[in-house]
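One structure is given below, encoded as structure tokens.
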Amino acid sequence: MTKKTDLEYTHIVSNLLKGKSICLPSKDDTIKLQKQSIQVPAYKEIIRAHKTIPWYSELALIYEEAYSAELVRNIIIHGSYGDFSPTHFSDLEISVILNHKVFLSKEKTLALNKWLRSSLNKLILKVDPLQHHGAFFLWDQLLKHYDEHILPVSAYDNAWAILPEKLDFYIERSIANKVEISHKKYLHTLNAILTYQKTFFQQGVNLYSIKRMLSNFFMLPVFYFQSHGMPINKKQALELIRQKNLCPSFYLALDLASEIRNSWPPHTHQMFWLRSCVFNGRFNQNRINAFILNTFQNKHIKQKFQSEFLPQALKACEILRSKLI
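So the number in our numbering is just where the residue sits in the sequence shown, counting from 1, plus 6.
See below:
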């Protein structure tokens, strides 16, 4: 079920982003699933204990637009913005809980697609002009047969939403399938880093492409633990990986990647304006977009990345891959 659910999610979301009609597959109710509940508080319930989110009012308006059109039920913010610990490097991690009517009407599907392109994705880009992915999606049927390879349930442990939300995940705890899939993702990410010139820098070395590669490197601990049957989120994985004896070059590379992340320059309005001018509503790269991204440069970041991080990261990934093959 795990691999099938992961592929179904990818197919359904791909069609949603294209505005195509969706036919939800039937599920095998005979599979034994384990329930795991997460209570996500509303932003207004917890804001007094944290720093304010400057773009919350804009997010609330965007949500109201989709909620009133019966497209979405809720929006959840997780990751660094979810636990109020963002840096200039942070992505905006969003999960959109879809209204079931989106799956029943071609008109609703098209309306959702338009809302994503014209409203939500532009806000994501405004928060992070270097963002390379859009929102995650949840819906009732998915929750009833959830695959943690989409996103570990623990990702929602420190999150907030527009409205209070109780998420009831029903998960198949079949370790064998999870380990096999995570092993492939782990190996795929190692290979992507080792072929970095083709994978990340075909369109040039800039802040966008450097961030993409670093983000993939930071996912290695996640896939490492998942391949050992531990579905944990990135923050937990980065802490626990220190207790493992992988190889010295990996920890050197991890320290250097963390230094680069912590010294990441703040985004400018010009960066948002330039990218939004050529943004087609989806987080893909066309030639004009690639040209714009190549103007996003920082000499200090580029020098530290190329001369210090890259040699250690490549050495580490070669060693880690050799242990898998």
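Every residue gets a Cβ at the ideal spot worked out from N, C-alpha and C, and that includes glycine.
Worksheet item: Do the segment 123 to 136 and the segment 161 to 174 touch if we need at least three Cβ pairs shorter than 8 angstroms?
Response: no
Discussion item. Considering only their Cβ atoms, is the gap separating T93 from R267 smaller than 9 angstroms?
Written reply: For the purposes of this step, residue 267 is identified with residue 261 of the sequence shown, where counting begins at 1. For the purposes of this step, residue 93 is identified with residue 87 of the sequence shown, where counting begins at 1. The answer is yes: Cβ separation under 9 angstroms.
Worksheet item: Is the Cβ-Cβ distance between H273 and R218 less than 9 angstroms?
Response: As a working mapping, residue 273 is identified with position 267 in the sequence shown. As a working mapping, residue 218 is identified with position 212 in the sequence shown. No, they are not a contact pair.
Worksheet item: What residue range is occupied by the uninterrupted alpha helix (DSSP H) comprising F231?
Response: Translated into positions along the sequence shown, residue 231 becomes position 225. It spans 226 to 232 - the alpha helix (DSSP H) in which F231 sits, taken as one unbroken run.
Item to complete: Sort I68, L148, Q208 by Cα distance to K41 and report the nearest one.
Response: Taking the sequence shown and counting its residues from 1, one reaches residue 41 at position 35. Among I68, L148, Q208, the Cα nearest to that of K41 belongs to L148.
Practice prompt. Look up S101 in the DSSP assignment and give the residues it is bridged to.
Written response: Here residue 101 refers to the residue found at position 95 of the sequence shown. BP columns for S101 point to I82, F142.
Discussion item. Going by DSSP in three states, F285 sits in which element: helix, strand or coil?
Written reply: Locating residue 285 in the sequence shown gives position 279, where the first residue counts as 1. In this structure, F285 counts as coil in the three-state DSSP scheme.
Worksheet item: Since Q242 is in the alpha helix (DSSP H), which residue starts that stretch and which ends it?
Response: What you label residue 242 is simply residue 236 of the sequence shown in a count that begins at 1. 240 to 246 is the span of the alpha helix (DSSP H), which, as asked, contains Q242.
Worksheet item: Does the distance from the C-beta atom of L196 to that of L169 stay below 9 angstroms?
Response: Counting from 1 along the sequence shown, the entry for residue 196 is found at position 190. Counting from 1 along the sequence shown, the entry for residue 169 is found at position 163. No, the Cβ-Cβ distance between L196 and L169 is not below 9 angstroms.
Discussion item. Checking 9 angstroms against the spacing of the C-beta atoms, do A319 and L244 come in under that value?
Written reply: For the purposes of this step, residue 319 is identified with residue 313 of the sequence shown, where counting begins at 1. For the purposes of this step, residue 244 is identified with residue 238 of the sequence shown, where counting begins at 1. Contact check for A319 against L244 fails: the beta carbons are separated by 9 angstroms or more.
Item to complete: Name the two residues that bound the continuous beta strand (DSSP E) containing S43.
Response: Here residue 43 is taken as the residue at index 37 of the sequence shown, counted from 1. It spans 40 to 46 - the beta strand (DSSP E) in which S43 sits, taken as one unbroken run.
Item to complete: Please name the residue in K250, D134, S233, L157 whose C-alpha comes closest to that of H275.
Response: Here residue 275 refers to the residue found at position 269 of the sequence shown. If we check each option's Cα against that of H275, D134 comes out closest.
Worksheet item: Do Y192 and S160 have their C-beta atoms within less than 9 angstroms of each other?
Response: Position 186 of the sequence shown holds residue 192. Position 154 of the sequence shown holds residue 160. In this structure, S160 does not lie closer than 9 angstroms to Y192 by Cβ.
Worksheet item: How big is the Cα-Cα spacing for W145 and S313?
Response: Within the sequence shown, numbered from 1, the residue matching residue 145 stands at position 139. Within the sequence shown, numbered from 1, the residue matching residue 313 stands at position 307. So the alpha carbons of these two residues sit roughly 45 angstroms apart.
Worksheet item: Comparing alpha-carbon positions, which option in V108, F311, S96 lies nearest K26?
Response: Taking the first residue of the sequence shown as position 1, residue 26 is located at position 20. Of the candidates V108, F311, S96, the one whose C-alpha sits nearest the C-alpha of K26 is V108.
Worksheet item: Between the beta-carbon of N239 and the beta-carbon of T301, is there less than 9 angstroms?
Response: Start at 1 with the first residue of the sequence shown, and residue 239 comes out as number 233. Start at 1 with the first residue of the sequence shown, and residue 301 comes out as number 295. Contact flag unset, no.
Worksheet item: Taking just the CA atoms, how far does L299 sit from Q208?
Response: One-based indexing of the sequence shown puts residue 208 at position 202. One-based indexing of the sequence shown puts residue 299 at position 293. One C-alpha to the other measures close to 12 angstroms.
Discussion item. Using C-beta distances below 7 angstroms, list every residue in its chain close to I52, excluding the 5 sequence neighbours before and after it, in chain order.
Written reply: Along the sequence shown, read from residue 1 onward, the residue named residue 52 stands at position 46. The residues are W166.
Worksheet item: Expressed to the nearest angstrom, what Euclidean distance is found between the alpha-carbon atoms of M236 and I177?
Response: Translated into the one-based positions of the sequence shown, residue 236 becomes position 230. Translated into the one-based positions of the sequence shown, residue 177 becomes position 171. Going by the C-alpha atoms only, they are around 14 angstroms apart.
Worksheet entry | Range of the contiguous alpha helix (DSSP H) that encloses I298 | Along the sequence shown, read from residue 1 onward, the residue named residue 298 stands at position 292. Its alpha helix (DSSP H) spans residues 293 to 299.
Worksheet item: Per DSSP, what kind of secondary structure is F206 in: helix, strand or coil?
Response: As a first step, residue 206 must be located in the sequence shown, where it is residue number 200. The answer is coil: DSSP assigns F206 none of H, G, I, E or B.
Worksheet item: Looking only at C-alpha atoms, which of V284, V19, S63 sits nearest to S101?
Response: Here residue 101 refers to the residue found at position 95 when the sequence shown is read from its first residue. If we check each option's Cα against that of S101, V19 comes out closest.
Item to complete: Check whether the Cβ of R248 lies closer than 8 angstroms to any heavy atom of the ligand MN, and answer yes or no.
Response: This structure lacks the ligand MN, and indeed carries no ligand of any kind.
Worksheet entry | Ordered list of alpha helix (DSSP H) runs contained in the segment 146 to 194, each at least 4 residues | 146 to 150
Fill in: C353 (DSSP reduced to helix, strand or coil)
Because the chain here runs from 7 to 331, residue 353 falls outside it and cannot be looked at.
Worksheet entry | For D153 and F229, the rounded distance between their alpha carbons | The count along the sequence shown starts at 1 and reaches residue 229 at position 223. The count along the sequence shown starts at 1 and reaches residue 153 at position 147. So the alpha carbons of these two residues sit roughly 15 angstroms apart.
Item to complete: Within the same chain, show all residues whose beta-carbon is closer than 7 angstroms to that of N222, passing over the 5 residues directly before and after it, in chain order.
Response: The residue labelled residue 222 in the question sits at position 216 within the sequence shown. Contacts found: T195, A198, I199.
Worksheet entry | Nearest residue (CA-CA) to L98, options K128, R79, E113 | Position 92 of the sequence shown, counting from 1, holds the residue named residue 98. Nearest option by C-alpha distance: K128.
Discussion item. Judging by CA-CA distance, which residue of L326, K172, P158, S86 is the nearest neighbour of I59?
Written reply: Along the sequence shown, one-based indexing puts residue 59 at 53. The alpha carbon of I59 has as its nearest neighbour, out of L326, K172, P158, S86, the alpha carbon of S86.
Worksheet item: Whose C-alpha, out of P47, K204, A75, P254, is nearest the C-alpha of E324?
Response: Locating residue 324 in the sequence shown gives position 318, where the first residue counts as 1. Its Cα nearest to that of E324, the residue P254 stands out among P47, K204, A75, P254.
Worksheet item: What did DSSP end up calling C75 once you bin it into helix, strand or coil?
Response: Stepping through the sequence shown from its first residue, residue 75 is reached at position 69. The amino acid at residue 75 is misidentified as Cys; the sequence shows Ala. Three-state DSSP puts A75 in coil, outside helix and strand.
Fill in: D261 - containing alpha helix (DSSP H), residue span
Indexing the sequence shown from 1 puts residue 261 at position 255. Its alpha helix (DSSP H) spans residues 254 to 268.
Worksheet entry | Test item: CB-CB of S264 and L131 under 9 angstroms | As a first step, residue 264 is located in the sequence shown; it is residue number 258 there, counting from the start. As a first step, residue 131 is located in the sequence shown; it is residue number 125 there, counting from the start. Taking 9 angstroms as the Cβ cut-off, S264 and L131 do not qualify as a contacting pair.
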